[in-house]
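*Asks:*
2 protein chains.
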Amino acid sequence: MAHADGGTEQRPDAVQPARHRSPLAAITRSEQVYVQLRADILSGRVLPGTKLRFADLTERYDCSTSVVREGLTRLAEQGLVQSEPQHGFRVTPLSQDDLDDLTTARCELEGLVLRMSIEHGDIAWESEVVAAHHALDRTAMESDGDPALMSESWTVAHSRFHHALLAACPNQRLRNMALSLRDAAELYRHWSRPLGHDDHRDVRGEHRALVDAALCGDSTEAVRLLEEHLRRTTRALGAREPAMSTG
Amino acid sequence: MAHADGGTEQRPDAVQPARHRSPLAAITRSEQVYVQLRADILSGRVLPGTKLRFADLTERYDCSTSVVREGLTRLAEQGLVQSEPQHGFRVTPLSQDDLDDLTTARCELEGLVLRMSIEHGDIAWESEVVAAHHALDRTAMESDGDPALMSESWTVAHSRFHHALLAACPNQRLRNMALSLRDAAELYRHWSRPLGHDDHRDVRGEHRALVDAALCGDSTEAVRLLEEHLRRTTRALGAREPAMSTG
DNA sequence: TGTCAAGAAATTTTCGATATTGCGCTCGAA
DNA sequence: TTCGAGCGCAATATCGAAAATTTCTTGACA
Numbered sequence: 009m010a011h012a013d014g015g016t017e018q019r020p021d022a023v024q025p026a027r028h029r030s031p032l033a034a035i036t037r038s039e040q041v042y043v044q045l046r047a048d049i050l051s052g053r054v055l056p057g058t059k060l061r062f063a064d065l066t067e068r069y070d071c072s073t074s075v076v077r078e079g080l081t082r083l084a085e086q087g088l089v090q091s092e093p094q095h096g097f098r099v100t101p102l103s104q105d106d107l108d109d110l111t112t113a114r115c116e117l118e119g120l121v122l123r124m125s126i127e128h129g130d131i132a133w134e135s136e137v138v139a140a141h142h143a144l145d146r147t148a149m150e151s152d153g154d155p156a157l158m159s160e161s162w163t164v165a166h167s168r169f170h171h172a173l174l175a176a177c178p179n180q181r182l183r184n185m186a187l188s189l190r191d192a193a194e195l196y197r198h199w200s201r202p203l204g205h206d207d208h209r210d211v212r213g214e215h216r217a218l219v220d221a222a223l224c225g226d227s228t229e230a231v232r233l234l235e236e237h238l239r240r241t242t243r244a245l246g247a248r249e250p251a252m253s254t255g
Numbered sequence: 009m010a011h012a013d014g015g016t017e018q019r020p021d022a023v024q025p026a027r028h029r030s031p032l033a034a035i036t037r038s039e040q041v042y043v044q045l046r047a048d049i050l051s052g053r054v055l056p057g058t059k060l061r062f063a064d065l066t067e068r069y070d071c072s073t074s075v076v077r078e079g080l081t082r083l084a085e086q087g088l089v090q091s092e093p094q095h096g097f098r099v100t101p102l103s104q105d106d107l108d109d110l111t112t113a114r115c116e117l118e119g120l121v122l123r124m125s126i127e128h129g130d131i132a133w134e135s136e137v138v139a140a141h142h143a144l145d146r147t148a149m150e151s152d153g154d155p156a157l158m159s160e161s162w163t164v165a166h167s168r169f170h171h172a173l174l175a176a177c178p179n180q181r182l183r184n185m186a187l188s189l190r191d192a193a194e195l196y197r198h199w200s201r202p203l204g205h206d207d208h209r210d211v212r213g214e215h216r217a218l219v220d221a222a223l224c225g226d227s228t229e230a231v232r233l234l235e236e237h238l239r240r241t242t243r244a245l246g247a248r249e250p251a252m253s254t255g
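Going line by line, the protein sequences match chains A and B.
Using our numbering, count along the first sequence one by one with no gaps and you end on 255.
Using our numbering, count along the second sequence one by one with no gaps and you end on 255.
1. Going along the chain, which residues of the region 163-188 of chain B sit with their C-beta nearer than 7 Å to a C-beta in chain A?
2. Looking at chain B, which residues of the region 65-83 of chain A have a Cβ within less than 8 Å of any of its Cβ atoms?
3. Exposed or buried, what is residue 43(A) when buried is set at 16 or more other beta-carbons lying within 10 Å of its beta-carbon?
4. What does the Cβ neighbour count give for residue 156(A), buried or exposed, with the cut at 16 atoms within 10 Å?
5. Does residue 55(A) get closer than 8 Å to chain B when you measure Cβ to Cβ?
6. Measuring alpha carbon to alpha carbon, tell me which residue in 37(B), 242(B), 168(B) is nearest residue 140(B).
7. In this structure, how does DSSP classify residue 225(A) when only helix, strand and coil are distinguished?
8. What three-state label does DSSP hand residue 242(B) in the structure shown?
9. As an exercise, report each continuous alpha helix (DSSP H) stretch of at least 4 residues that is fully enclosed by the region 109-184 of chain A, in chain order.
10. Determine the chain A residues that contact residue 101(B) at a beta-carbon separation under 7 Å, and present them in chain order.
11. Please confirm if residue 112(A) has its CB atom under 8 Å from at least one CB of chain B.
12. DSSP three-state call for residue 96(A): helix, strand or coil?
13. Taking contact to mean 3 or more Cβ pairs, one atom from each stretch, closer than 8 Å, check whether the region 148-164 of chain A and the region 79-88 of chain A are in contact.
14. Cβ of residue 127(B) less than 8 Å from any chain A Cβ?
15. Using CA coordinates, which residue listed in 102(A), 75(A), 53(A), 115(A) is at the minimum distance from residue 240(A)?
16. For residue 44(A), go through chain B and note every residue whose CB falls closer than 7 Å to its CB, in chain order.
17. Chain A beta carbons: is any one of them nearer than 8 Å to that of residue 131(B)?
18. Relative to the ligand COA, is the shortest distance from any of its heavy atoms to the C-beta of residue 234(A) smaller than 7 Å?
19. So, are the CB atoms of residue 113(B) and residue 123(A) less than 8 Å apart?
20. Which chain B residues are close to residue 261(A), counting only those with a beta carbon under 9 Å from its beta carbon?
21. So, at 7 Å on beta carbons, what are the nonlocal neighbours of residue 41(A) in its own chain, with the 5 sequence-adjacent residues on each side left out?
22. Specify, as a first and last residue, the run of the alpha helix (DSSP H) that residue 88(B) falls within.
23. Hey, does residue 40(B) have any beta-carbon neighbour from chain A nearer than 8 Å?
24. Can you give me the Cβ contacts of residue 147(A) inside the same chain, cut-off strictly under 6 Å, excluding the 5 residues immediately before and after it?
25. Starting from residue 86(A), find everything on chain B with Cβ-Cβ shorter than 9 Å and list it in chain order.
26. Along the chain, where does the alpha helix (DSSP H) containing residue 41(B) start, and where does it finish?
27. If I follow the unbroken alpha helix (DSSP H) through residue 66(B), where does it start and stop?
28. If we define contact as Cβ-Cβ less than 8 Å, is residue 116(B) a contact residue for chain A?
29. Go ahead and label residue 57(A) buried or exposed: buried means 16 or more other beta carbons lie within 10 angstroms of its beta carbon, across all protein chains shown.
30. Residue 107(A) touches chain B at which residues, Cβ-Cβ below 9 Å?
31. Can you check which of these residues, 128(B), 65(B), 61(B), 106(B), is closest to residue 225(B) by C-alpha distance?
32. Applying the 10 Å Cβ sphere with the 16-neighbour rule, what's the burial state of residue 132(A)?
33. Please classify residue 236(A): does DSSP put it in a helix, a strand, or coil?
34. For residue 121(B) versus residue 183(B), is the C-beta spacing smaller than 8 Å?
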C-alpha cells in the first residue's frame, strides 16, 4: 500500500474486546476496518489513484480478505474508491472535470442544506456554530512541521465548523448527501493545496462572514457567501496540474 | 425469504460464462447477485421490514455467504436495506416520517436536476423525452391480472420517462443522487398503492403537462409541476396506515 | 528484431468451514 | 411463582484456502 508518508502505522486500536462492551454497542471487525480505511483515504494517507491490493490491506489491518472487501465495497458505493471487476479497487483518481462537477453539485446542494439549516436552527445550533467557529479561528492553518502542508488539527476544526453550519437542516437525506459531497471534496483539498494555492485569500474572513450571516438568519447572504467560499477553493485547486492521478 | 407472491423464482441467468465475453465486460457473481437482490427489493418482491437471512439468500441465489454479504452491504450503503451489526440485514422499513423527508428531498433535488436538464437539453434529449412519454401514455396503469395492482410494464415505462426528463442534467453527481432518491421512493409506491390511492387524480394529465413545459424550455413551470406531481403521490400514499413495516 | 502463444506468477473472487454472538429454554433457588 | 444463571441452538461474522481470472515472463518462430 503506497502511503504519502513513510511509516505512520498508528492504528489506535481503541476498540475494546467485545466482552468488555455492552451487547448493543457491539462493533464488528468490518466496521473497524471500514472506519480506518475511510480515515486513511480522507486524511490523505493514501494517494488518489493508488491500487488497493488485498494482500497489503489484510496485512495492514490484520484481518481476512472478506473484511477488507466489505470495507472497500462500502467505500466504492460512496465513490471514494473505484471498483473494477476482476481488477480490484483503487482510490478514486482526481480530475479537473470531476472537481468542477463536484463544486457545482456542492454549491447547489450544500447551499440548499445551509439555507434549510439556518431557517430551522435554534439556539443550541447557534451555540455549536459559534463554538466550532471559535475553535477554527484559533487554530493555525499551517502545519508546525511543514508550512506548505495543512495542519491536521485545522482540517478537523474546519470540518467540524462546516458540519455545524449544516447540522440544523431537518432533512437527514439532504444533509447526508451534502456531507458526502464534502468528503469527496476533502480528497482534492488534501492533495492539491501543496501544488498551488491562493495566498491572497482571507479564509478566516470568509468563515467569519459566513457565521455572521448565518446567525443573523440571512440565509440568502449566507448561501451566497458559501458558494463564493467553495468556488474560491476550487479555483485555488485548479491551479495545479490537470490530472495528478498516479498509477 | 418472505416474498410478496408465492413463487417467482425467475432468475434470468442471462449472463454468459466468462470465456464467451470480452475481458472488459467481465461480470462477477457478486455483481449479478447484487443486481438481482436490488431488483427483487425495488420491484416489490420482498416486503419492507423483512429480515434477510443468509441461509435463505445463499440458497435462493445459489452462492456463498460472502457474495450475498457484499450485495447486502452495497444496498445498505444505499439505504435500501438496513444493517444492524450481529443481527443481520432487513429491507428498510417504511414510515410516514421517512416518506415526508424523502418527498421534501426529492422536490428540492429532483426539481434542481430537472431545471438543469431542461436548460441543457438538446434535440436528442427532447426526442427521448417524447418517446418515453408516448410509451408511458400508451401503457395501461392497472395490471391485467389484478386491477388493484400496478402493472409491471407501467412501472418500467414510468421510470424510463422520469429518467429521460433528468437525463440532460450535465452534473452526474446531482443526477445520480436524484435517481437514488427515486429508487428509495419506489418502495413506497409499490407497497402503498393497494391500500389507499387517489382515484380523482389525472396522472396522465400531470405527465403531459410536465412534458409540455419541459419541451417549451419553461423550467420554472416544469419544476413546479414536478413538485406538485411528487407531493400528490405522497399525499395519496399517506392515506395508508401510518406504519406498515412487518417483522 | 518483433510477435505471439504458452506457461508461470500474482491478484482477485468465491467458497466452505470455524469462531463468535445473540436468543430462548430449562432448571433450580428464593 | 418469579427471577437469573447456565446451556444449547440458530444466525452472523470472520477466516484461510481453493478456484478463477488477469498479468507478467519466457521462448519459439517468422
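C-beta: ideal position from N, C-alpha, C; glycine also.
Keep in mind the model is a prediction, meaning the values are calculated, not measured.
*Replies:* Taking the coordinates as given:
1. The region 163-188 of chain B vs chain A, Cβ under 7 Å: 179, 180, 181, 182, 185.
2. Cβ contacts with chain B come from 74, 77, 78, 81, 82.
3. Residue mapping note: residue 43(A) aligns to position 35 of the first sequence, counting from 1. Counting the other Cβ atoms within 10 Å of the Cβ of residue 43(A) gives fewer than 16, which makes it exposed.
4. Reading the first sequence from its first residue, position 148 is the one you call residue 156(A). With fewer than 16 other beta carbons inside 10 angstroms of its own, residue 156(A) counts as exposed.
5. Within the first sequence, residue 55(A) is the residue found at index 47, counting from 1. No, its Cβ sits nowhere closer than 8 Å to a Cβ of chain B.
6. By one-based count along the second sequence, residue 140(B) stands at place 132. The residue with the shortest Cα to Cα distance from residue 140(B) is 168(B).
7. If you number the first sequence from 1, residue 225(A) lands on position 217. Assigned with DSSP and collapsed to three states, residue 225(A) falls in coil, not helix or strand.
8. Walking along the second sequence from the start, residue 242(B) turns up at place 234. Here residue 242(B) carries a helix assignment [DSSP, helix/strand/coil].
9. DSSP runs (the alpha helix (DSSP H)) wholly in the region 109-184 of chain A: 131-145, 160-174.
10. For the purposes of this step, residue 101(B) is taken as residue 93 along the second sequence, with counting starting at 1. What residue 101(B) touches in chain A: nothing, since even the nearest Cβ is about 15 Å away.
11. Numbered from its first residue, the first sequence carries residue 112(A) at position 104. Chain B, which has a Cβ nearer than 8 Å to the Cβ of residue 112(A), makes this yes.
12. Here residue 96(A) corresponds to residue number 88 of the first sequence, with the count starting at 1. Residue 96(A) carries a strand assignment under DSSP once its states are collapsed to helix, strand and coil.
13. These segments do not touch.
14. In the second sequence, counting from the first residue as 1, residue 127(B) sits at position 119. No, its Cβ sits nowhere closer than 8 Å to a Cβ of chain A.
15. In the first sequence, counting from the first residue as 1, residue 240(A) sits at position 232. The shortest Cα separation from residue 240(A) among 102(A), 75(A), 53(A), 115(A) belongs to 115(A).
16. Taking the first residue of the first sequence as 1, we reach residue 44(A) at position 36. Against chain B, the beta carbon of residue 44(A) has no neighbour under 7 Å; the closest one sits roughly 16 Å away.
17. Your numbering for residue 131(B) matches position 123 in the second sequence. Closer than 8 Å: no.
18. No copy of the ligand COA appears in this structure; indeed no ligand is present at all.
19. Residue numbering aside, residue 113(B) sits at position 105 when the second sequence is read from its first letter. Residue numbering aside, residue 123(A) sits at position 115 when the first sequence is read from its first letter. In this structure, the beta-carbon distance from residue 113(B) to residue 123(A) does not fall below 8 Å.
20. There is simply no residue 261(A) to check, as chain A begins at 9 and stops at 255 in what is shown.
21. Within the first sequence, numbered from 1, the residue matching residue 41(A) stands at position 33. 69, 71, 75, 76, 79.
22. Mapped onto the second sequence, residue 88(B) falls at position 80. Premise fails: residue 88(B) is in no alpha helix (DSSP H) and is neither H nor E.
23. On the second sequence, position 32 is the one that residue 40(B) refers to. Residue 40(B) has a beta carbon lying at 8 Å or more from every beta carbon in chain A.
24. On the first sequence, residue 147(A) is found 139 positions in, with the first residue counted as 1. Contacts found: 161, 162, 165.
25. To locate residue 86(A), count along the first sequence from 1; it is residue 78. The contacting residues are 85.
26. Within the second sequence, numbered from 1, the residue matching residue 41(B) stands at position 33. First-last of the alpha helix (DSSP H) with residue 41(B): 37-50.
27. As a position in the second sequence, residue 66(B) is number 58, starting the count at 1. Its alpha helix (DSSP H) spans residues 62-69.
28. Taking the first residue of the second sequence as position 1, residue 116(B) is located at position 108. Yes, residue 116(B) lies at the interface with chain A (some Cβ there is under 8 Å from its Cβ).
29. Along the first sequence, one-based indexing puts residue 57(A) at 49. Classification for residue 57(A): buried.
30. Within the first sequence, residue 107(A) is the residue found at index 99, counting from 1. Within chain B, not a single residue places a beta-carbon under 9 Å from that of residue 107(A); the smallest gap is close to 11 Å.
31. In the second sequence, residue 225(B) corresponds to position 217, counting from 1. When each option's Cα is compared against that of residue 225(B), the closest is 128(B).
32. The sequence position of residue 132(A) within the first sequence is 124, counting from 1. In the assembly as shown, residue 132(A) is an exposed residue. Its beta-carbon has fewer than 16 other beta-carbons within 10 Å.
33. Position 228 of the first sequence, counted from the start, is the residue given in the question as residue 236(A). Three-state DSSP puts residue 236(A) in a helix.
34. Locating residue 121(B) in the second sequence gives position 113, counting from the first residue. Locating residue 183(B) in the second sequence gives position 175, counting from the first residue. Cβ distance < 8 Å, so residue 121(B) and residue 183(B) count as in contact.
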